[in-house]
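Numbering (mature numbering (1 follows the signal peptide of the UniProt record, and there is no 0)), first residue to last: -20 to -1, 1 to 499.
Working notes for the structure below.
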């Protein structure tokens, strides 16, 4: 009964009427949805440009008033020194001093930009939240951790030895370092805060801008000392650093208070709270491209799975015999992949899981993706989905009746999928319960860096290749789940990863792949 509840809860996740509200945009969960932020950013820029124009108009108006006032003053001086001027000559100056100043004061009291401020405030609910920023930083840290990257290199745009055409500012690097300190990841934070200090010191021209954003030398030095204080058993080093900072910035009361706290810590002999890195991902080795395929495997044209393949065989690469894993090449056309992604765009929702114990849906940090289930009966998707159904049947030679709908997935920033199995039960004790006998995973895009599908227990890594499809059995011939099929999706470093999955139910396969009893 427990396994049945688990299966039914997974079925529940297909429903489009899922009760999670889309109040949070979850921008970090999908690279595609980041495009929506570009639209919002353009609106903000447009409003600021209008505001700048209004400010310039105000400056121009004030300049014109100044010129008028100077002219009136010159006329008044001539009137005072020229006895030939009649009384009418005093009228313009009197009117100017009585009326114009009131108009000038009225203009000065107006607040330009109120309409722009209102427009920006209306857009606020569409902008990223603190949660979105935290999940973005989570993705960056995941990339650093799994691919064993150096924080200082990442800040300068160097990823896995390749220089990219971007780098981070001192403010952005400080944000990353601050997050890592809050997470007590002091070893990684040390690199980031060191880079932040270097970038800040080298960018003196923008110190006022940094101050406006809340970044100062005080906050940088305090964070640096906090990192060293938690890493070093010898507190003399952070103490010396803080004393040097106070010497450089004697006007800073914050640094002086921090120095006092640190001196007290040294006198008391307080022990640092150093934290060792936890190995939370078992697939590090394979994600770093250390998993290799067996040399005895081969490629062939599959012309025997179905009758149709005799006319149009598929290019198949055998990756593993136990468990059976193959990669089909060039099975999707560009137009088909575009159609599938177009169906998904605009309706992607964050991946969630169902907690059977709590009986509630919740977000899962181990699945940083957005998904959509394709309804095969929909008028919009019927044509392309029907073609995918036929193709999947040809590749697997299985009955797709009662199988789950296709699921299109777009990965987010550092998007990954933690290690898991696709089957529901280990021992297949109840043959009448549905289970996923096969997984077919279609790659709808190339991924320049990262994003491999890995099977750590069989030492296998598969890089995404646009138009290909990965196919493996989750259940053996007895209907038992094979733990060797545990797999995961490595974090995406560069690019937008799109895939489509199809899980095939074992129950209709009675005559296609019958269960065998143990002898």
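Don't be surprised by glycine CBs; every beta carbon is placed ideally from N, CA and C.
Item: Name the two residues that bound the continuous beta strand (DSSP E) containing residue 474.; Value: 472 to 474
Item: For residue 425, which three-state DSSP category applies?; Value: coil
Item: Using 8 angstroms for Cβ pairs, my map puts residue 295 next to residue 309. What's the rounded Cβ distance?; Value: 4 angstroms
Item: Using DSSP with H/G/I as helix, E/B as strand and the rest coil, what is residue 15?; Value: helix
Item: The alpha helix (DSSP H) that contains residue 396, what's its start and end?; Value: No alpha helix (DSSP H) holds residue 396; DSSP gives it neither H nor E.
Item: Let me confirm a value: residue 458 is counted as buried when at least 16 other C-beta atoms fall within 10 Å, else exposed. Which label applies?; Value: exposed
Item: By a C-beta neighbour count over all protein chains shown, 10 Å radius and 16 as the cutoff for buried, is residue 154 buried or exposed?; Value: buried
Item: What did DSSP end up calling residue 435 once you bin it into helix, strand or coil?; Value: strand
Item: Candidates 107, 150, 55: which alpha carbon is nearest residue 15's?; Value: 107
Item: Between which two residues does the beta strand (DSSP E) carrying residue 271 extend?; Value: No beta strand (DSSP E) holds residue 271; DSSP gives it neither H nor E.
Item: Do residue 312 and residue 298 have their beta-carbon atoms positioned less than 9 angstroms apart in this structure?; Value: no
Item: Return the residue from the list 41, 36, 77 that minimises the CA-CA distance to residue 52.; Value: 77
Item: For the beta strand (DSSP E) containing residue 324, list its first residue and its last residue.; Value: Per DSSP, residue 324 belongs to no beta strand (DSSP E); it is in the alpha helix (DSSP H), 314 to 324.
Item: For residue 533, count neighbouring Cβ atoms within 10 angstroms of its own Cβ and tell me buried if that reaches 16, exposed if not.; Value: The displayed coordinates of the chain run from -20 to 499. Any statement about residue 533 would go beyond what the structure contains.
Item: Between the Cα of residue 205 and those of 191, 166, 194, 47, spot the shortest distance and give me the residue it belongs to.; Value: 166
Item: For residue 144, which three-state DSSP category applies?; Value: coil
Item: Compute the Euclidean distance between the alpha carbons of residue 489 and residue 137, then round it to the nearest angstrom.; Value: 51 angstroms
Item: Whole angstroms is fine: what's the gap from residue 98's alpha carbon to residue 87's?; Value: 20 angstroms
Item: So residue 173 and residue 185 are in contact, right, with Cβ under 8 angstroms, and what is the actual spacing, rounded?; Value: Contact flag wrong, Cβ pair sits at about 22 angstroms.
Item: Just verifying my parser: in three-state terms, what is the DSSP assignment at residue 90?; Value: coil
Item: Determine, for residue 43, whether the minimum Cβ-Cβ distance to residues of chain C falls below 9 angstroms.; Value: Of the protein chains in the structure, only one exists, and it is not chain C.
Item: Between 124, 101, 152, 151, which lies nearest to residue 141 when the distance is taken from Cα to Cα?; Value: 124
Item: Report buried or exposed for residue 171, applying the criterion of at least 16 other Cβ atoms within 10 angstroms of its Cβ.; Value: buried
Item: So the candidates are 126, 353, 337, 33; which of them puts its Cα closest to the Cα of residue 331?; Value: 353
Item: Could you check whether residue 454 and residue 418 sit closer than 9 angstroms to each other, using their CB atoms as the reference points?; Value: yes
Item: In three-state terms, what does DSSP make of residue 333?; Value: strand
Item: Could you check whether the region 27 to 39 touches the region 367 to 385, counting it as contact only if at least three pairs of C-beta atoms, one from each stretch, sit closer than 8 angstroms?; Value: no
Item: Indicate the three-state DSSP secondary structure (helix, strand or coil) for residue 460 in the structure shown.; Value: coil
Item: Could you check the C-alpha separation between residue 442 and residue 101 for me, to the nearest Å?; Value: 46 angstroms
Item: Whole angstroms are fine: how far does the CA of residue 121 sit from the CA of residue 96?; Value: 36 angstroms
Item: Please report the straight-line C-alpha distance between residue 126 and residue 342, rounded to a whole angstrom.; Value: 25 angstroms
Item: Are residue 416 and residue 403 touching if we call contact CB-CB under 9 angstroms?; Value: yes
Item: What residue does the alpha helix (DSSP H) around residue 192 start on, and which one ends it?; Value: 187 to 192
Item: Give me, in chain order, the residues of the same chain whose beta-carbon lies closer than 6 angstroms to that of residue 384; leave out the 5 immediate sequence neighbours on both sides.; Value: 483
Item: Please report how far the alpha carbon of residue 161 lies from the alpha carbon of residue 210, in whole angstroms.; Value: 10 angstroms
Item: Please tell me whether residue 110 and residue 393 are closer than 9 angstroms, where the distance is taken between their beta carbons.; Value: no
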